[in-house]
Amino acid sequence: MAGYLDRIGAGKILVDRSPLSYDWTPNTLVGRDDSLSELASIFSQIENPDTSCKAVITGPVGSGKTVLTQVFANDLRKHLEGRRKIVHVHVNCRNHPSGPQVLQQIAVSLDERHPERGFSAGEMIQSIKRYLRTHNAHMLLVLDEVDVMIRRDSTDLIYRLLRIDEGQNERGTMSIILVSQDASLLRLFEPAIISRLGASSRMNLHPYNRDELLQIARQRAEASCIKGSIGEDVLGKIARYAAESGDARLAIELLEAAIIRAEREGKGQVETGDIHPSKMRSASVEPNQVDDLSEHKKLILLAICRRLKKEDVISSGDALKLYHVVCEEFGFEPRGYTTFWKHVKSLEQSGMIDSQTASATKGRGRTQHITMSNMSPGVLETRLSSVLSSN
Numbered sequence: 051m052a053g054y055l056d057r058i059g060a061g062k063i064l065v066d067r068s069p070l071s072y073d074w075t076p077n078t079l080v081g082r083d084d085s086l087s088e089l090a091s092i093f094s095q096i097e098n099p100d101t102s103c104k105a106v107i108t109g110p111v112g113s114g115k116t117v118l119t120q121v122f123a124n125d126l127r128k129h130l131e132g133r134r135k136i137v138h139v140h141v142n143c144r145n146h147p148s149g150p151q152v153l154q155q156i157a158v159s160l161d162e163r164h165p166e167r168g169f170s171a172g173e174m175i176q177s178i179k180r181y182l183r184t185h186n187a188h189m190l191l192v193l194d195e196v197d198v199m200i201r202r203d204s205t206d207l208i209y210r211l212l213r214i215d216e217g218q219n220e221r222g223t224m225s226i227i228l229v230s231q232d233a234s235l236l237r238l239f240e241p242a243i244i245s246r247l248g249a250s251s252r253m254n255l256h257p258y259n260r261d262e263l264l265q266i267a268r269q270r271a272e273a274s275c276i277k278g279s280i281g282e283d284v285l286g287k288i289a290r291y292a293a294e295s296g297d298a299r300l301a302i303e304l305l306e307a308a309i310i311r312a313e314r315e316g317k318g319q320v321e322t323g324d325i326h327p328s329k330m331r332s333a334s335v336e337p338n339q340v341d342d343l344s345e346h347k348k349l350i351l352l353a354i355c356r357r358l359k360k361e362d363v364i365s366s367g368d369a370l371k372l373y374h375v376v377c378e379e380f381g382f383e384p385r386g387y388t389t390f391w392k393h394v395k396s397l398e399q400s401g402m403i404d405s406q407t408a409s410a411t412k413g414r415g416r417t418q419h420i421t422m423s424n425m426s427p428g429v430l431e432t433r434l435s436s437v438l439s440s441n
């Protein structure tokens, strides 16, 4: 038997990798008690069956916007249990950038058997309303990165959803939370939408400070690693570097990279020297964007991430070779070069990777150098591996 496989399951530090995923939802939200209270105030009348609430949440990358809505939705559902049935639906508008795509994602989230096509927007909305009415449920809809959809497809869907009960003998069908990195989000809306959202429904999250980032790093370390394997000196160094941007995602990636480096060297503890901040990049794209990519785009992206966790750049030729390795690992038949390259260009157009043409170091011709400036390779690799393994 291959002796190198003895390393599998023999980690001296890491016990559970899932808390190192940025979209992992903790039991306690660090540094956002005031934001949760503010959101609860906006939704103070939600217990009333005829009431719908609206909120707009903005904040920079890594400020916890998405996890804030997840924690709030989970807590709200438990709080109203037996009084009002809350159905939480989260749609990332970067993955679903048009109105019809958003409606389709809502419908499938409510009922996975819903047909994928063949319905107009009006029919989709009626189908969603019918489901909620049949199940006596109120939908809490979170539209994440909503500015992407608005810039591509206008504000028409937002307006229709805000008016979903208008002209009907119904009230309180859905509440909506709009989430965006763009602090000037409201400038994209027409006055009628701004009026319906209301001035008191807007929240802006500040970047995390050093103490909050220390708590976040400690929380993730305690949830994922053997007790005592990561000291306060390590967590403090991570917090100090991440505090420059206030990005929790950067703190989590620094932590994950340090753990992997320490385990690779056979250590039982992470040391401050295992933290290499110069290779970390603050991400501006959410990891959950990859969930709805085609299988082969996921495989290509995973291959690229595995190399970019260790190096700053990967050539297109190496990416193709690693793609074949990943396909074999997950039991897929690799696509041909033309399809591979089409997928690479699609990933570049979506902002997930960057590429630059350079002269080939061997032979004739030119090659593409692939980098990743908008996403964190370590965090993304974890998510892609999890998604592909669950298929």
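Residues in the sequence shown are numbered from 51 upward in steps of one, following our numbering.
Glycine included, each C-beta is placed from N, C-alpha and C at the ideal position.
Whether residue i touches residue j by CB criterion (8 angstroms)
i: Lys179; j: Thr223; result: yes
i: Val106; j: Leu235; result: yes
i: Ser113; j: His256; result: yes
i: Gly367; j: Thr432; result: no
i: Arg221; j: Arg260; result: no
i: Leu118; j: Ser85; result: yes
i: Leu212; j: Ile243; result: yes
i: Thr184; j: Val121; result: no
i: Ile175; j: Ile214; result: yes
Counted within 10 angstroms of its Cβ, other Cβ atoms place residue i as buried (16 or more) or exposed
i: Glu262; result: buried
i: Tyr387; result: exposed
i: Ala292; result: buried
i: Pro427; result: buried
i: Lys347; result: buried
i: Asp194; result: buried
i: Pro110; result: buried
i: Glu306; result: buried
i: Asn145; result: buried
i: Lys371; result: exposed
i: Gln399; result: exposed
i: Lys359; result: buried
i: Ala369; result: buried
i: Thr91; result: The sequence as given places Ser at residue 91; Thr does not occur at that position. Ser91 should be labelled exposed.
i: Ala249; result: exposed
i: Lys128; result: exposed
i: Arg314; result: exposed
i: Arg133; result: exposed
Nonlocal neighbours in the same chain, by C-beta distance under 6 angstroms from residue i, ignoring five residues either side
i: Ala3; result: Nothing about residue 3 can be read from this structure; the chain reaches only from 51 to 441.
i: Ser225; result: Ser102, Cys103 and Leu190
i: Pro26; result: Lying outside 51 to 441, the shown extent of the chain, residue 26 is not represented and no answer is given.
i: Ser332; result: Legend: pLDDT at Ser332 = 47, less than 50; position of this residue unreliable, value from coordinates given subsequently. Excluding sequence neighbours, Ser332 sits near Ser295, Asp297 and Leu300.
i: Thr108; result: Ser230, Ala233, Leu235 and Asn254
i: Phe93; result: Cys103
i: Ala187; result: Lys135 and Val137
i: His374; result: Pro384
i: Ile350; result: Tyr373 and His393
i: Glu88; result: Met253
i: Ile442; result: Shown here, the chain extends from 51 to 441; a query on residue 442 therefore has no answer.
i: Arg268; result: Leu285
8 angstroms CB neighbourhood of residue i in its chain, flanking five on each side removed
i: Ser436; result: Ser68 and Ser71
i: Glu272; result: none
i: Asp161; result: Tyr181
i: Leu171; result: Looking at the sequence shown, residue 171 is not Leu but Ala. Cβ within range, chain order: Gly149, Pro150, Leu153, Leu207 and Arg210.
i: Leu130; result: Ile96, Glu97 and Ile136
i: Asp100; result: Arg221 and Gly222
One or two residues paired with residue i in a DSSP bridge
i: Lys135; result: Ala187
i: Asn254; result: Thr108
i: Asn142; result: Asp194
i: Met224; result: Met189
i: Asp404; result: Thr421
i: Val320; result: Ile280
i: Cys275; result: Leu64
i: Ser230; result: Thr108
i: Ser295; result: The partner list for Ser295 (beta bridge, DSSP) is empty, contrary to what the question assumes.
i: Ile364; result: Ile420
Nonlocal neighbours in the same chain, by C-beta distance under 7 angstroms from residue i, ignoring five residues either side
i: Asp324; result: Ala308, Arg311 and Ala312
i: Leu434; result: Val340, Lys348, Leu351, Leu352 and Cys355
i: Phe380; result: Leu349 and Leu438
i: Lys115; result: Ile107, Gly109, Val229 and Leu255
8 angstroms Cβ cutoff, residue i in contact with chain C
i: Leu191; result: Among the chains of the structure shown, chain C does not appear; only one protein chain is present.
Any non-hydrogen atom of the ligand PLP within 7 angstroms of residue i CB
i: Val229; result: Questions concerning the ligand PLP fall outside what the structure shown contains, since it holds no ligand whatsoever.
Looking at C-beta atoms only, is the number of pairs between the stretch 259-279 and the stretch 130-140 that lie closer than 8 angstroms three or more? The stretch 259-279 is not in contact with the stretch 130-140.
How do the stretch 75-83 and the stretch 199-219 stand: do at least 3 beta-carbon pairs fall below 8 angstroms, yes or no? The stretch 75-83 vs the stretch 199-219: no contact.
Are the stretch 303-319 and the stretch 62-75 touching by the rule of at least three beta carbon pairs closer than 8 angstroms? Touching, per the Cβ criterion.
Is there contact here, the stretch 419-435 with the stretch 351-359, by at least three beta-carbon pairs under 8 angstroms? Segments in contact, yes.
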